[in-house]
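Okay, so here's the structure we're looking at.
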Amino acid sequence: MKYILSLFLFVFFLAGCSKEDDFNPFNPRNPDPVNPGNTTRPASIGIVGDTADVTKTTSGGVVIMGGGADVDAAFRWMIARSGGGDAVIIRASGTDAYNPYVNRLGSLNSVETLKIDSRKLAEDDGVARIIRNAELLFIAGGDQSDYTGYWKGTKVMDAINYLLTVKKVPVGGTSAGAAILGNFYFSGEKGSVVSSAALTNPYGSDILLYNGDFLRAPFLQSVITDQHFTQRDRQGRLVVFMGRIMKDWGKTPSGVAVDEATAVCIDDAGMAEVVGSNKAFFIKAFSDKAPETFTSNTPVTWNWSGQALRVSAVSAKAAGNKFNMVTFEPENTNGLTRSWWSVNTGRLSMVDD
Numbered sequence: 409m410k411y412i413l414s415l416f417l418f419v420f421f422l423a424g425c426s427k428e429d430d431f432n433p434f435n436p437r438n439p440d441p442v443n444p445g446n447t448t449r450p451a452s453i454g455i456v457g458d459t460a461d462v463t464k465t466t467s468g469g470v471v472i473m474g475g476g477a478d479v480d481a482a483f484r485w486m487i488a489r490s491g492g493g494d495a496v497i498i499r500a501s502g503t504d505a506y507n508p509y510v511n512r513l514g515s516l517n518s519v520e521t522l523k524i525d526s527r528k529l530a531e532d533d534g535v536a537r538i539i540r541n542a543e544l545l546f547i548a549g550g551d552q553s554d555y556t557g558y559w560k561g562t563k564v565m566d567a568i569n570y571l572l573t574v575k576k577v578p579v580g581g582t583s584a585g586a587a588i589l590g591n592f593y594f595s596g597e598k599g600s601v602v603s604s605a606a607l608t609n610p611y612g613s614d615i616l617l618y619n620g621d622f623l624r625a626p627f628l629q630s631v632i633t634d635q636h637f638t639q640r641d642r643q644g645r646l647v648v649f650m651g652r653i654m655k656d657w658g659k660t661p662s663g664v665a666v667d668e669a670t671a672v673c674i675d676d677a678g679m680a681e682v683v684g685s686n687k688a689f690f691i692k693a694f695s696d697k698a699p700e701t702f703t704s705n706t707p708v709t710w711n712w713s714g715q716a717l718r719v720s721a722v723s724a725k726a727a728g729n730k731f732n733m734v735t736f737e738p739e740n741t742n743g744l745t746r747s748w749w750s751v752n753t754g755r756l757s758m759v760d761d
């Protein structure tokens with residue numbers, strides 16, 4: 409009887425060992441530093457490089473990319489500021505195609521893509537942990553209403569803000585991922601908005617704007633961004649967005665708008681450089697020049713004798729271009745064109761100096 413009992417215990421022990429040693433590609437090399445029992449990577453749809461977390465010295469920064477073709481120079485800029493640590497791509501749709509692309513642009517410990525397409529995943533401690541451990545974070549394109557709907561007010565939002573304000577790592581986004589970086593943002597919940605419609609009715613039901621309830625990017629706390637700017641004729645709609653911010657919240661906003669295949673890289677001192685193929689636009693409103701006519705179902709007038717908004721357009725093709733995000737003025741004239749924008753009964757005028 410004692411022999412049978414001993415044999416049973418031995419078999420049970422072996423079974424337990426077999427269960428414990430089941431293959432898990434993440435378990436041996438990436439124990440959770442906070443909870444070593446957590447060996448899963450929720451929301452991960454792919455990783456290249458070393459799955460073990462590393463800690464590197466980073467320099468903060470923000471990249472606003474205008475959509476279309478990705479900008480190699482902007483990713484290299486972020487990689488240089490990451491210290492060669494772990495890069496994390498977050499999105500709510502799509503694939504892990506960024507992993508090999510980003511990995512070959514510089515020396516990184518790893519590149520991982522998280523597909524966070526539900527509030528349940530956005531509240532998952534494991535997902536938040538992966539983001540907090542990143543030395544570089546990039547928000548892919550897609551639909552910004554997914555990002556606000558799934559991520560706003562969750563642990564993922566807190567983790568992104570931790571990277572921006574505490575850990576201070578480079579954080580960027582393209583298209584929809586760039587749209588949510590400003591303190592003010594257009595959510596796109598009811599679809600896109602075209603300039604002609606916005607200038608005709610600045611309070612159309614599809615113009616849904618938000619103020620200060622999502623991300624906390626340095627130097628963007630008075631900013632609203634826009635992307636695909638010239639290519640999709642978005643000048644008029646951004647002017648309307650800025651007018652809404654003045655009228656609805658009594659704030660004086662600035663706009664940072666970026667063409668496709670172009671990016672604005674803002675360092676931790678607030679100095680911006682435009683890289684890529686086209687232009688970025690830095691649009692300045694004035695507290696004493698609010699729109700003259702700005703009501704529902706009425707064409708906008710924001711004129712001020714043709715000088716309602718001051719615009720600095722900076723070409724990415726001009727080496728050494730600099731724009732100061734602290735003063736919101738150009739630091740030099742490299743690639744610079746300045747103009748005044750105004751609106752008269754729904755018609756936008758853009759006049760170069």
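For reference, each letter of the sequence shown is one residue, going 409 to 761 in our numbering.
Where is the CB? At the ideal position from N, CA and C, for every residue including glycine.
- Apart from sequence neighbours up to five positions away, the residues of its chain that approach A477 with a beta-carbon distance below 6 Å are A669, ordered along the chain.
- Secondary structure at S750: strand, using DSSP grouped into helix, strand and coil.
- Rounded to whole angstroms, the separation of the alpha carbons of V519 and I539 is 12 Å.
- Pairing S583 with G502 gives a Cβ-Cβ distance that is not under 8 Å.
- For N507, the enclosing alpha helix (DSSP H) covers residues Y506 to N511.
- With fewer than 16 other Cβ atoms inside 10 Å of its own Cβ, V602 counts as exposed.
- Put simply, the backbone Cα of S630 is about 6 Å away from that of S662.
- In the same chain as G492, and ignoring 5 residues on each side of it, the C-beta atoms closer than 7 Å to its own belong to K464, S515, L516 and N517, in chain order.
- For M486, the enclosing alpha helix (DSSP H) stretches over residues D480 to S490.
- If you draw a straight line from the Cα of T459 to the Cα of R755, it is about 54 Å long.
- In this structure T466 touches K576 by the C-beta definition: roughly 6 Å separates them, less than 8 Å.
- Assignment of L544 by DSSP, reduced to helix, strand and coil, places it in the strand class.
- Close CB contacts of T706 within its chain, under the 6 Å cut and outside five residues either way in sequence, are absent.
- Here A542 is buried: its Cβ has 16 or more other Cβ atoms, across all protein chains shown, within 10 Å.
- Going by DSSP, D634 is part of the beta strand (DSSP E) stretching over V631 to D634.
- If you draw a straight line from the Cα of A698 to the Cα of V496, it is about 41 Å long.
- Excluding five sequence positions before and after L529, the CB atoms of its chain that fall closer than 7 Å to its own CB belong to P450, A451 and V535, given in chain order.
- The three-state secondary structure of Y593, taken from DSSP, is strand.
- Pairing M733 with A693 gives a Cβ-Cβ distance that is not under 8 Å.
- Segment contact: the region 556 to 576 against the region 599 to 617, fewer than three CB-CB distances shorter than 8 Å; contact not assigned.
- If only uninterrupted beta strand (DSSP E) runs of at least 3 residues are considered, those enclosed by the region 442 to 475 are 452 to 457 and 469 to 473.
- In the DSSP assignment, G728 forms no beta bridge with any residue.
- CA-CA distance, N591 to F622, rounds to 7 Å.
- Note: E681 is bridge-paired with C673 in the DSSP secondary-structure output.
- Rounded to the nearest whole angstrom, the CA to CA distance from R499 to D525 is 8 Å.
- Your pair F637 and D614 does not check out as a contact, with CB atoms roughly 19 Å apart and the cut at 8 Å.
- Each residue's CA atom was taken as its position, placing G651 and E531 some 35 Å apart.
- In the three-state scheme derived from DSSP, where H, G and I count as helix and E and B as strand, K659 is classed as coil.
- No residue range can be given for N711, since it is assigned to no beta strand (DSSP E) and is classified by DSSP as neither H nor E.
- The three-state secondary structure of L717, taken from DSSP, is strand.
- N729 counts as buried, since no fewer than 16 other beta carbons sit within 10 angstroms of its beta carbon.
- Collapsing the DSSP output to three states places S553 in a helix.
- The straight-line gap separating the alpha-carbon atoms of G580 and F649 is approximately 22 Å.
- Counting every other CB atom within 10 Å of its CB across the protein chains shown gives S750 a total of 16 or more, marking it as buried.
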